[in-house]
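Colleague:
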Amino acid sequence: MKQRIRYLKIFGIIYVFLGLILFFGLKYQVNKNFSKESLEQLIAGRPVLMSKNIDFCKSGLLGEPKVGREYIKFVFGCQDGSKSTSTLAMNAFKDKSIVGVINEYGRILNFDGNLSESDMWDCSINGTKITSLNKNSSVLEASTVECYQFENEKK
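Numbering (the numbering used here), first residue to last: 8 to 162.
(1) What's the C-alpha gap between L27 and R13?
(2) Look at the alpha carbon of V146 and the alpha carbon of N110, and state the distance between them as a whole number of angstroms.
(3) Could you give the distance in angstroms between the alpha-carbon of N38 and the alpha-carbon of V23?
(4) How would you call Y78, buried or exposed, if buried means at least 16 neighbouring beta carbons within 10 angstroms?
(5) What does a CB cutoff of less than 8 Å around P72 pick up in its chain, not counting 5 residues either side in sequence?
(6) Out of R114, G88 and K142, point me to the one whose CA is closest to V55's CA.
(7) By Cβ distance below 6 Å, which residues in the same chain neighbour C154 in space, the five residues on each side in sequence not counted?
(8) Among the residues of its own chain, which have a CB less than 8 Å from the CB of S42, if the five just before and after it don't count?
(9) Residues bridged to A96 by DSSP?
(10) Secondary structure at I132, three-state DSSP: helix, strand or coil?
(11) Based on the DSSP output, what are the partners of C154 in its beta bridges?
(12) If you reduce the DSSP assignment to three classes, tell me which class N141 lands in.
(13) Residue range of the alpha helix (DSSP H) that F63 falls in?
(14) For S139 and Y112, what's the separation of their Cα atoms in angstroms?
(15) According to DSSP, simplified to helix, strand and coil, what is F118?
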């Protein structure tokens, strides 16, 4: 019985000691290696090895965010009649301007280039055509961005 108690005490001391080493060692590693820049690159950076998206009608984000009316819906229509619909929460966008929202959506889907400057799409927000005059205005909640391919697509 005394042998068992002695064994359990030694095991407990070793266990607590290794636990403390692991806890403080990992905490040190996280503090040493973590940076806001690398986190931002992981979240907002473009993937290098993923192929570029050139057809929004064949790709989209599925699911509906549960954020009430704080969402933006994207509808992309192509010449062949296909359509893609995606809905994202407003808190996914840092830049809440029309151009910022459209470019961020293009970044999420890995579009090659700035979607707002692309000459392949004719876009409107809540039925109002996006022009150079209103492209820097803020997006309202529960907005719908609709983009349709031009008939004579420029490549």
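Ideal placement from N, C-alpha and C gives every residue a C-beta, glycine not left out.
Modeller: With the structure as the only source:
(1) If you take the alpha carbons of L27 and R13, they lie about 21 Å apart.
(2) Straight across, the Cα-Cα distance linking V146 with N110 is about 13 Å.
(3) Each residue's alpha carbon lies about 22 Å from the other.
(4) buried
(5) Y78, T94, L95 and A96
(6) R114
(7) F83, W128 and C130
(8) none
(9) Looking at the DSSP assignment, A96 forms a beta bridge with Y78.
(10) strand
(11) F83 and C130
(12) coil
(13) That residue, F63, is in no alpha helix (DSSP H); it is neither H nor E in DSSP.
(14) 19 Å
(15) strand
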